[in-house]
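So the structure is just underneath, and the comments pick up after that.
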Amino acid sequence: MPGSFATGGLPTARTPSPPDPCRREVWAERRSPQTDSPPFRPLASSSSLFASRVGGCHTRTADGAAAAAARTSLRGASERLRGFSRRAPPRQAGGGQRGCPCSGSAGCGACAGRTGRAENSGPQPCQQQGQLSILQEKIDHLERLLAENNEIISNIRDSVINLSESVKDGQKNPEAINFSQGSLSELFPSASVLLAVDSEDCLFASKSGSHSSGVQMLDVYDILPFDNPDGGVWKQGFDITYNENEWDNEPLQVFVVPHSHNDPGWLKTFDDYFRDQTQHILNNMVIKLQEDNRRKFLWSEISYFSKWWDGIDSQKKDAVKRLIKDGQFEIVTGGWVMPDEASAHYFSLIDQLIEGHQWLEKNLGVKPKAGWAIDPFGHSPTMAYLLKRTGFSNMLIQRVHYSVKKHFATKKTLEFFWRQNWDLGSSTDILCHMMPFYSYDVPHTCGPDPKICCQFDFKRLPGGRVSCPWRVPPETIHAGNVQHRAWIILDQYRKKSKLFRTKVLLAPLGDDFRYAESSEWDQQYHNYQKLFDYMNSRSEWHVKAQFGTLSDYFEALRRESNLGEKSSNSLFPVVSGDFFTYADRDHHYWSGYFTSRPFYKRLDRVLESYIRAAEILYYLALVQSSKSEKMNVFPSVDNYKLLTEARRNLGLFQHHDAITGTAKDWVVVDYGTRLFHSIMNVKKVIIDSAHILILKDKSAYDYDTATPFLKMDDIQASQDSLPRKTVIKLTLQPRYLLIYNPTEQERFSVVSVNVNSHRVKLLSPLGKPVTVQISAVWDGATTVSHEAYQISFVAHLPPLGIGLYQLLEDESSEAVLADYNIYVRNSRQENTDRVFKIKEMQHSVDNIILENAHMKLWFSGMSGLLEKINTKEDGKNHQMKVEFAWYGTTSNRDKSGAYLFLPDGDAKPYIFTDPPTIRVAHGKIFSEVVCFFHHVTHTMRLYKVQGLEGQSVEVSNIVDIRGEYNRELAMRISSDINSENRFFTDLNGYQIQPRLTMSKLPLQANIYPMTTMAYIQDVGVRLTLHSAQSLGVASLKNGQLEVIMDRRLMQDDNRGLGQGVQDNKITANIFRLLLERRHGTDVNEEKASVSFPSLLSHMTSLFLNHPVIPMTTNADSGVPELINTFSPLMSSMPCDMHIVNMRTIQAKVDTKPSDEAALILHRKGFDCRFSNRGMGLLCSTTQGKIKVHKLFSKFRVESLTPTSLSLMHSPPDARNISEINMSSMEINTFRIRLR
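Letter by letter, the sequence shown follows residues 4 to 1238 of my numbering.
Structure follows, in structure tokens:
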């Protein structure tokens, strides 16, 4: 990953920005406007608004006199500007781009290079000549004003002034005006940033969760005793009785749904399963369904289906299409896989849905209608939301805690409308069927008694390979036994139906990799058809039984319960919340897999970040390359193939035995190899795309397969090793260093790269020297390697853009060296190094201290671990102890394994006989403490920059437990926060779910999945642990947060895997620790069923998960002229708007790309009640509104139409829109075509 912790290179740091038509910016590296072309957008404003905003600005600087002078001067400037704005003619409707008073297609290029980008060579003809000449005068006037104010502006160096205004009444919003105080730091231009959050945008979080929505899962957990009494034949349930004439007026409708659950990798690899089983299942399906049109079959995984489809002839393909059309064969969910719902990030969940749905549309013209998730180990409401937004109305889930199933069965709420916690209405409701019993196999699906149901799994007839563990085998159905057998299974059907509110019953008929042999099709279908025929002929039994698909069932259910009609009070209850943590029996909680194989959980997120970066750059490059003949050599088709393969490899890994870490060792290697190859391929796409976008003279474009124009700055040697930084060779000639910002926010981020000399000079995109910190690259804990030096600096990057820096060797280098204190057992006092100042010392009871403008940190001089934090804004000290701890496993027969966590009691402290070596670095850009323990190298790094990156502490753990035996390593943070057993974890990086640590549950039940963050809080503060990989988390004591980082287990846990987890790797776990001050909260809302991160927290997570990507030009190739900044957006997106993806859509035929992309946007819900001083957020919020023509700056939006999440459905009134308008928490997809 860009800057993962390979050779000491920490992930580069990250910071955000503002999409506001009325912004005012004074840029950093700018001398007089006439001589310099500034980095980007000096004036992104429409003239009239520009004035009203500057008029209201105040700035504070450390130097009071300068500030006063600045204020006077700015006031003068704004008076003159006011006159200017009154006389400025109104802007033409419909034309132009943000910040450009010209209209129509001439765009901003017509405004005398006013976008300030290097490639704008001056005026081009403009349609509205009259308007233009007046505006030209105004602009010249403005240029003079800027020149006059230049002296002062350089005093208030680089301030970004960004005021909020409410468009509706044009009034200022005083609450949002909250300037930061504190000294100016040269490392961070915007020392006085005003976060402009519209107060209306704060209402969502405060209203959300206040309404009651039927059943809250937190309340269910509160009432349940979680006892486990023996329920009779239905072990985890209760005895079901019925009255025989209950069906006299309304017969029981039974839908038996044959299915085959195909894991894309588990005990065998994807390809081996396909060869040995899956292809035969699908081949037989085509033959066997055609034999009798009453037969039905269900399929879910498109990864397998597409592989099979590519290998069959057109005759077979036509037969499949016919079977689908006739309703005999149904594709359910239609994602690439049936994904895990705990560890998967919503980016990948959406991506694998799109991949499956797009494949289906192109090859079969089919749109799935219902969700089918029978095997994921617990269920997330995020999945329900995504399915709803793809256009589904119905879904089914199975693996839910047995106590919850029993409770739902008792209350007859197994069928319910699943609603999002944050939903203020009912727009997210989706009808959900929860299967009532232990498993999705046949013994647990026909009714409550598995011993009886097993006798109706006709694959288990005597003589076969599988039999019934209850020792009563099935009997072939014939005239002599049909009455008796039909009555027995009808009794099960009736009992099962008593758990539901209607007379429509679902009875799945299948299991893992079923229906592979032709004989099994005959056994199941023939015997069941005889049972159905007999039952249906007995009118006094009042039953109609048949084969059905999932949609057949839901259609009948909706008819029966009058759901089609507009009756508001539905038969079904509303449920909100999630279904973690899953237990299938006893105290067997499946919380182990939240952490199992953490190396690959991290690799997953690395690929995810690269894919997103590649998708966005690729689409922009594709559009660029279509603009001229010369650029046709851009390898668009080859790169689209690489992208498609990467999407599919990432999609495959979301499978519930892949990202979960619950597959066989060699299957894990297969997944890892796919991820690894796709990382390399996607890096190629990024390089090729950046190449075409950064060229100044596009006609000079030349594509050379042998020597790529650019290369990445890190390299991963194999699928199971951590990436290492490459060393950039410096010469007296400048080498280009390109830095790509994959986020939609303007960003000040610390970038670190390795070079071969410490005599280094770095020039900004404007050719000005940049402050650089040089750190040592270490061999182990105490030896400096002089092969390489790490340079770190603050890069200032446009949203989704590329900044072009230059690196060269320079004897008179002004770079600042970091210095080091090393605490070792037998210290040599002075460690003589020819470059760095290194002091060796004894461990001490005195604290080690790091500090920046935001906080001060105290570390133990013995262990090097954090002990307390002082937040400078309020001067408060907070206890904040970091420690490590070991969990063992029970001495019982059942022990922890890949799935289960069965600890031997509380964790034992991590004990070290000798204190660890501690290496403390002090530098101008960052300082850090690194502790070298036997099983973990722990780093805490504090960036000394203003704004976002200096507000949280970067934490990295390089974990190695390869020599351990049945142990799990946790990192625990103990604070003085009064969290009262409540904590919060995210679900899939999409939403926050409040949690309660319950003493009535065993320890392992109180562990929950964390995809990107977990936090604890009290009325005064919130402590968030941000994570760059999915892991299990808990808060077992007041004020504590702990995360399980790796587990090594020597035995199987009896869930079918047949092995322990012993393939541990050296694993990087990367976090950020953010402490925020809360205000305006009351005690009642602490109990609310919903919670939201702050904007600062969202942005911190975004930057942690999407680090900037450094690239260098290949030294050997002669480098053509490049533009100094590529800046595709007009300005930052609103703070709460995230571009999830911009994914090029496939062409209707071939594997080519089309000229359209799927633009997926997410408007995040956020909590405003946090101090926002000096936050460094360079963006505002706009009530979820974005003007489409003000979005892109180098490209014209030719069309933008709304569509469903996975592109399957277009709304009936879908047309080209000019304004995007989104509600909080929503994720919307648009088809976009750029020119």
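Ideal Cβ positions, reconstructed from N, Cα and C, are used throughout, including at glycine.
Distance CB(residue i)-CB(residue j) smaller than 8 angstroms
i	j	result
S599	A888	no
G450	C457	no
P254	K547	yes
L417	H404	no
Y592	P1005	yes
N1009	L1039	yes
Y808	L766	yes
N265	Y276	yes
T385	Q994	yes
R1075	E957	yes
W339	L655	yes
T1103	D1139	no
L741	A693	yes
S1202	N1224	no
Y496	L509	no
R985	V1024	no
F602	T1070	yes
A784	T584	no
L735	V758	no
Simplified DSSP assignment, three categories, for residue i
i	result
K171	Only weak support is given to the placement of K171: the predicted model assigns it a pLDDT of 29, under 50, and the question is left unresolved by the model.
R1236	strand
A661	coil
S1221	coil
I243	coil
K1190	strand
M1259	Residue 1259 is absent from the structure shown; the chain starts at 4 and stops at 1238.
F904	coil
M1178	coil
D897	coil
S655	It is Leu, not Ser, that sits at residue 655 in the sequence shown. Three-state DSSP puts L655 in a helix.
M1228	coil
V670	helix
E189	Any reading at E189 is ruled out, since the residue's pLDDT is 36, under 50, leaving its predicted position unreliable.
Q361	helix
Beta bridge counterpart(s) of residue i as assigned by DSSP
i	result
V1045	Checking the displayed sequence, the identity of residue 1045 turns out to be Glu instead of Val. Answer is R975 and A1037, bridged to E1045.
N1072	N960
S579	Q219 and R422
T1027	Y1018 and L1077
I995	D989 and S1094
V780	S788
P1205	F1233
C435	M398 and F419
Check: Is the number of C-beta pairs between the region 389-400 and the region 351-363 that are closer than 8 angstroms three or more?
Finding: Result yes; three or more Cβ-Cβ pairs closer than 8 angstroms.
Next item on the list: For the region 384-432, list the beta strand (DSSP E) runs that are entirely contained and at least 3 residues long, ordered along the chain.
Entry: With a minimum length of 3 residues, the continuous beta strand (DSSP E) runs that stay inside the region 384-432 are 397-400 and 418-422.
Next item on the list: Quick one: which unbroken beta strand (DSSP E) runs of 3-plus residues sit fully inside the region 907-948? Chain order, please.
Entry: Residue ranges of uninterrupted beta strand (DSSP E) with 3 or more members, entirely inside the region 907-948 and ordered along the chain, are 920-925, 929-935 and 939-946.
Check: Three or more beta-carbon pairs under 8 angstroms between the region 360-380 and the region 669-685, yes or no?
Finding: Verdict: no, contact absent.
Check: Is it a yes or a no for the region 340-353 touching the region 310-317, going by three-plus beta-carbon pairs under 8 angstroms?
Finding: As far as the Cβ criterion goes, the region 340-353 does not touch the region 310-317, which means the pair count is below three.
Note to self: Three or more C-beta pairs under 8 angstroms: does that hold for the region 408-422 against the region 499-506?
What the structure shows: Taking 8 angstroms as the limit for Cβ pairs, the verdict is that the region 499-506 does touch the region 408-422.
Notebook entry, point to check: Does the pairing of the region 1013-1029 with the region 970-981 give three or more beta-carbon distances under 8 angstroms?
Noted result: Below 8 angstroms, enough C-beta pairs join the region 1013-1029 and the region 970-981 to call them touching: three or more.
Note to self: Report the start-end ranges of each beta strand (DSSP E) in the region 1083-1126 that is 3 residues or longer and not cut off at the edges.
What the structure shows: Those beta strand (DSSP E) runs which fall completely within the region 1083-1126 and span 3+ residues are 1112-1116.
Note to self: Would the region 937-955 count as touching the region 1150-1167 if we require 3 or more Cβ pairs under 8 angstroms?
What the structure shows: With the rule of 3 Cβ pairs closer than 8 angstroms, the region 937-955 does not count as touching the region 1150-1167.
Check: With a cut-off of 8 angstroms, do at least 3 Cβ pairs link the region 770-788 to the region 819-827?
Finding: By the C-beta criterion, the region 770-788 is judged to be in contact with the region 819-827, since at least 3 inter-stretch pairs fall below 8 angstroms.
Notebook entry, point to check: Can you list the beta strand (DSSP E) stretches of 3 or more residues lying completely in the region 451-494, in chain order?
Noted result: Runs of the beta strand (DSSP E) inside the region 451-494: none found.
Note to self: So, does the region 1126-1144 touch the region 1192-1204, judging by three or more C-beta pairs under 8 angstroms?
What the structure shows: These segments touch.
Check: Taking one C-beta from the region 743-759 and one from the region 793-803 each time, how about it: are there three or more such pairs within less than 8 angstroms?
Finding: Three or more pairs of CB atoms, one per stretch, sit closer than 8 angstroms, so the region 743-759 contacts the region 793-803.
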